[in-house]
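Those letters in the sequence shown? Residues 11 to 1269, per the numbering used here, in order.
In what follows, a structure is listed as structure tokens, so that the remarks can point back to it.
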Amino acid sequence: MKFRENANFKEKTKMACEIRLIFVISTSKNILVQNWSKFQMRSRTGSGVRLDRILFMVDQTICKYQNAITGLFANQKDFPDHAWVRDNVYVIHSLWALYRAYMKCAEFDEDLTKANELGLTCVKMMQSILECMMRQADKVEMFKKFQRPVDSLHAKYSVSTKNQVCGDTEWGHLQIDATSLFLLTLAQITASGLQVVRNIDEVAFIQNLVYYIETGYRTPDFGIWERGDKTNQGIRELNASSIGMVKAALQAMNDVGDLFGDGSRRSAIHVLPDEIEQCSAVLSSMLPRESFSKETDAALMTIISYPGFAVEDQELVDSTRDTITSKLLGKYGCRRFLRDGYKTALEDPYRLYYNKSELQQFENIECEWPLFLCFLMLDAMYNKNDEAVEDYWQQLESIVVLSEKGFRLIPELYKVEREHVAGEKSDRGSQPRVPAGATPYLWAQSLYVICCLLYEGFLTPAELDPLSRRLSSHEKRPPCEVQVTILAATGEVQRELRANGIIVQRMDEVDPVFTILPASSLAEIHSRIGQSKKLNLSGRPLDRDVGLLSTSRLYQIGQKFVIFTPQFMDSRRSHLMYDIRILMDEWSSELQYIYASWNSVSISGRPLVVLVVSGDMLTTDGLSNFSNISLNRFMKSTVLGTIKKINTGYLGGARIVMKNLSDFFRTTAVSKLEFSDQNIGDLLLGEPETKIQFALPSDASMNEKLSISFSPRSTLRRGESVRDRSSYNIVHKASMRHRSIALDSNDSDLVQLRLAYKSNTLDPSSAESRGTSPASRRAAEANANQSRNMLKTTSRNVDLDTNNSSRRDVTRTQMNAMKVDDLVDMLLETTVLEEQASIVHCLWMKHGPEYNTGINGQYVTVQMLMEEVYTKSCEGRMWALVRLTAGLLNKHLEELGKAVTHLLVRQKQITVGMPSKKEEAITCPKTNEELKEIMHRAYSDDPNAFMLSQEIIVSLGSLVRTEPKLFVEMFRLRIGLIIQVLASELARIKSLSAADAAENLMTISPFELKSMLFSLLSGRLLEEFVDDAEAARETRTGIGSFRRHIEERKSVRKSTRSLSGDTKKLTERETPEDEDDEELAEDDFQFGIWLRHRRIDGALNRVPNNFYAALWDTVNRLPHGVRINDTILHWGLTQEMTRREMKFALEVEQALNRIAEPEYREMVVEALWLLGRLDKLVQSEEPNIPRDRPLDVDAVLRKANAIFVEHNREMGTIVLECCASGKQCDGARGLCRHLYDSAPAGEYGTSHYIIKAMINMFT
């Protein structure tokens, strides 16, 4: 290289430097070469400059609102010192994303310094929010127990002091999604390498936050918009967005491992997998709906995509996204939900709540929120949809607001100004909108920063998800086989099983390293996890159930490996587990549940279930002979049959492996538990046998069994039965009057059963309890358990006087003349449990439960005697006595609360009590105490119905979890009507009177009751004799299955006749009456089938698909609405509620539930369904709809009935015997019973006559 002539010193120096630089670059493996090439690349692409520009934008648009001391943010002009938890957490997301970007793209030391500063800022903000919550630790403790809104953590705190900024009732603080979002972010940030939690007390508080949110799937809250119901009247709702965020948080805390990052299990957070699965089930049933008042919500984007990723079903994710984009997406963003009046031009700014009638005016002018364009863009990035990413980016760039310094700002929302409201209402999206609210809006601005980092390529979507939650909907794991170990409680049981070809271990043969405990011990252990004396925090509440998934893994506690038996194996929980077939049904359904659910809760390892077989479980004594129900073949299995099916490797489609416990050690999921106080050893003391208690009957006689457990104080002489039969008959009659459900039969053909509760309680005597000193009373009460078994009982049944006279009124004089000593003497004479129950029942009615009988000079109250009768009835499986005594003792099934929750979270509401009597609706999850009060109000005077209703609810709760398809056409389950139908079907099948049917209903076992419910729900008639092949057919529901069932029965009869066709041909001429008899028999079978069908569907509240939406259209077009049974569904309902809003369905159900007769309710549903097709039916664009009054559905049905009667009079049908001859038949609401018994479709179907009635009335 040469210098040019006349070159000055400056040019020569520059040339020399270039020569030197070329030499350095040409030198191989020189560190300067790498730095220089990187500098050249950065300088060429400008990536570092762009990243610094994004950081500068964050500093000028977000960090300017940060408090320098606390690190919290606030940018609401109306609330200058308020820091919302949700907004601050999303700011943390943006700063954390920048931290990750600088750590990834750092070129120089200053880049690492910036990354370090950003990381420390994230940690400080998380710690500040955590401190705000920890100052309200007392609220967390109270909320765990009662879930009351006043006990919830606050949704916002003071930016400057970290204290609360408003009262407990001054704001909608219960926002479970905000707390869950904080926990989710904590897990993700910890997984990325930043440590937020600093000490064990903070770990304990985080553990209690997990307990705080784990009931979120059944806790109504105010939701992400802090409003609850969209009328903003303080009505809380179950929100899908909150439930999804709870699920995401629980999964993330379960996946993160330890919070200290050092591998110590002391900082691990323990999450029960059953709570995760509950959230999954609820989400599957709710999406794409948000809540009762919101048919969908843009907030659902937070759970189907970033940051929640809470839905594994890709089809459900796509469906929810499509619903949001089709109904809510606009030019400037998404509407939050339909008819959202927030900050619209028509909203009254001086009133916080909305009137129901004004919601319709907000339609099409709802404000659009740009932040949801960010969510949609992030979703498209995670789905690798480049075209959608570019579309959303361009749409986002077109609506940003430029600041004075040229920064892009994302406003809170865009609104339609008042002068453009009319044009926007007529054509949505045609008018311009202006930004409103906070600009920038911290939540939206933070998401925009994340979008910029991803769009510019500084980060990949995976780097914002260290826990890989995004993969849940794309990577499907195959179902995991369930490992089962069967253990014999005793050597005798082991030999019995071996004799039947089943080889199992005894409990004392299990390797000593394993300890077997009941599920209640696991609940005790979790009650100690998370305890903190400094914060006054306890662990998990003991009244919460320990789910099946939680007991299906090994727990390492110190040097011990502990396995817990399933909770349903504990017979002490309720009398249901005394029914062996119910227990076996639980075995099968729960194993299938584990098989289907295990992979969705992200547990490494396989599930292990330990089932213990006791001697009492191998007997069938005490089972009733009620075999006339169409039972599923699998539901009839005994213990031996079930174990053999498990041993085959498959159970109802689930893959099962059965081996010894030690064989599963290497493949089973293991959870390690560590405790700071090291005081957990007391829960592991004692032999495993003492922890597992079964009270099922054995083959030994009850006399021997009970005599062993008699109290030493008991000196009762043995006797066979009461000697004075006349006196006992009086007692028995009085008892029977108050233990059976009163039924009114007004349908002589099909025994239509109307349950009427009549209070005929005898006046209690004024006699006082026999004198007992206070000291002896207290001593006796302290040792109440020793006063049991005061009654010697035999299992021998006695022929009782149960003829019709036993149901006559027993005069008050006869009962009052009978002295207490006489009743006590009779009680001491008999060993027959039925007689003892009647006598104790009369003592209860006459003197009350606290009356001291003074048996053998001891303090023995009537309630103590009733408890003993209850226990012995359970052991003897005498279900009528079990239900009577349990109802009198006001016992509540422990499974009731869980069953109610299973139904409610799947949007199946319940009513308890009798129709038009004391019916009360359960519309949201209740505590156990609240359920007790509701059941007591509904059945205060009927102990039998009190217990029977609980059993029905528990069975429905089990079926809705295992057979959800059975409930697709139902919204509200009326327990009273279901009892009616069950009794009616029993009367029909067994040819019983109404009273006998009610009595028989009380005697069937819980399993038989559940089987009847299963058959009714599946749409099959309960027939007396059904082949096994027919019972094993595929489950079908609704009206279609009834039609197919009828055709099947017809074809069976035809095929039967064809088999003997030649014989019939030979005998036809000689005995023509045979054909008539056969046709008559077939007619008898057909008679009443559609009436029964309507009663069953009416009792189950079935409606056709899309029924509520079609009815909304009908009501919306009628100026005065629709009248149903004197209840008007007014046009204004459509102004308040949208077409597919669940609240509208609730209003319709409330009107329909006022109809006591289920068959008439079903006819009303058919008429309403046809009204939705009025235009097509009357073939007129403008039908003659009444404009001055509501359309009366009852009038339509009366007109249809008149047409039906007249038509059948002309044809000379059987209707001539009743309505066609001028006589009023016993059909409900004055309609002919033969109309109820007509098929829905066809030339002579009910639809035919309803359509004719509409044509006559509206043309």
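We treat Cβ as the ideally placed atom computed from N, Cα and C, and that holds for glycine.
If you're wondering where the values come from, they're calculated on a predicted model, not measured in any experiment.
Contacts around residue i, its chain only, beta-carbon distance under 7 Å, and the 5 residues preceding and following it disregarded
i: Phe382; result: Ala308, Met311, Gly343 and Cys344
i: Ser562; result: Ile604, Pro617, Leu618 and Val619
i: Asn1194; result: Phe1268 and Thr1269
Cβ neighbour criterion (16 or more within 10 Å) applied to residue i
i: Ile702; result: Per-residue confidence for Ile702 stands at a pLDDT of 31, beneath the threshold of 50, marking its modelled position as unreliable; the derived number appears in the next sentence. Buried is the call here.
i: Ser1065; result: Unreliable placement is indicated for Ser1065, whose pLDDT of 37 sits below 50; the coordinate value is still reported in the next sentence. Ser1065 is exposed by the Cβ-count criterion.
i: Asp350; result: buried
i: His1244; result: buried
i: Lys486; result: exposed
i: Ala509; result: exposed
i: Asn1115; result: exposed
i: Gln217; result: buried
i: Met1221; result: exposed
i: Pro317; result: buried
i: Gly416; result: exposed
i: Leu130; result: exposed
Contacts around residue i, its chain only, beta-carbon distance under 6 Å, and the 5 residues preceding and following it disregarded
i: Trp94; result: Lys166
i: Ile1165; result: Asn1135 and Arg1171
i: Pro489; result: Tyr605
i: Ala1238; result: Glu1167, Glu1169 and Tyr1170
i: Phe674; result: Gln493 and Leu618
i: Ser607; result: Glu287
i: Ile1138; result: Gly1131 and Pro1200
i: Asp521; result: Ser672
i: Cys934; result: Pro230
i: Ala847; result: Val879 and Leu891
i: Tyr660; result: none
Residue i at chain B interface by Cβ criterion, 8 Å
i: Thr354; result: No chain B is part of this structure, which consists of one protein chain only.
Beta-carbon proximity of residue i to residue j, cut-off 8 Å
i: Phe524; j: Phe574; result: no
i: Ser278; j: Leu194; result: For clarity, residue 278 is Ala in the given sequence; the question names Ser instead. Going by C-beta atoms, Ala278 is not nearer than 8 Å to Leu194.
i: Arg1133; j: Leu1201; result: yes
i: Leu464; j: Lys114; result: no
i: Gly233; j: Ser202; result: no
i: Ala197; j: Leu559; result: no
i: Thr80; j: Val169; result: yes
i: Gly907; j: Leu941; result: yes
i: Cys884; j: Tyr588; result: yes
i: Ala355; j: Met296; result: no
i: His912; j: Gly864; result: no
i: Tyr954; j: Met888; result: The displayed chain sequence assigns Asn, not Tyr, to residue 954. No, Cβ-Cβ distance for Asn954 and Met888 is not below 8 Å.
i: Gly867; j: Pro925; result: no
Bridge partners - residue i, DSSP secondary structure assignment
i: Thr871; result: Asn862
i: Phe574; result: Leu527
i: Ala919; result: The residue you asked about is not Ala; residue 919 is Gln in the sequence shown. Beta-bridge pairing links Gln919 to Arg982.
i: Val431; result: None; Val431 has no bridge partner.
i: Gln990; result: Paired residue(s): none; Gln990 is not in a bridge.
i: Glu378; result: Arg345 and Tyr424
i: His536; result: Its beta-bridge partners do not exist; DSSP assigns none.
i: Glu151; result: According to DSSP, which records beta bridges pairwise, Glu151 is partnered with nothing at all.
i: Val910; result: According to DSSP, Val910 bridges with nothing at all.
Close-in-space but distant-in-sequence residues of the same chain around residue i (CB under 8 Å, 5 per side omitted)
i: Ala1273; result: A query on residue 1273 cannot be resolved here, the shown segment of the chain reaching from 11 to 1269 and no further.
i: Pro551; result: Lys154, Lys155, Tyr221 and Ser537
Of all the alpha helix (DSSP H) runs that stay within the bounds of the stretch 1183-1248, which reach a length of 4 or more residues?
-> The stretch 1183-1248 contains these whole alpha helix (DSSP H) runs: 1184-1188, 1203-1221 and 1243-1246.
In chain order, which continuous runs of the alpha helix (DSSP H) of length 4 or greater are located wholly inside the stretch 192-259?
-> If we require 4 residues or more, the alpha helix (DSSP H) runs fully inside the stretch 192-259 come out as 210-223.
What are the start and end residues of each continuous alpha helix (DSSP H) run of 4 or more residues lying completely inside the stretch 436-499, in chain order?
-> 452-465
Can you list, in chain order, the stretches of the alpha helix (DSSP H) that have 4 or more residues and sit fully within the stretch 73-134?
-> 95-115
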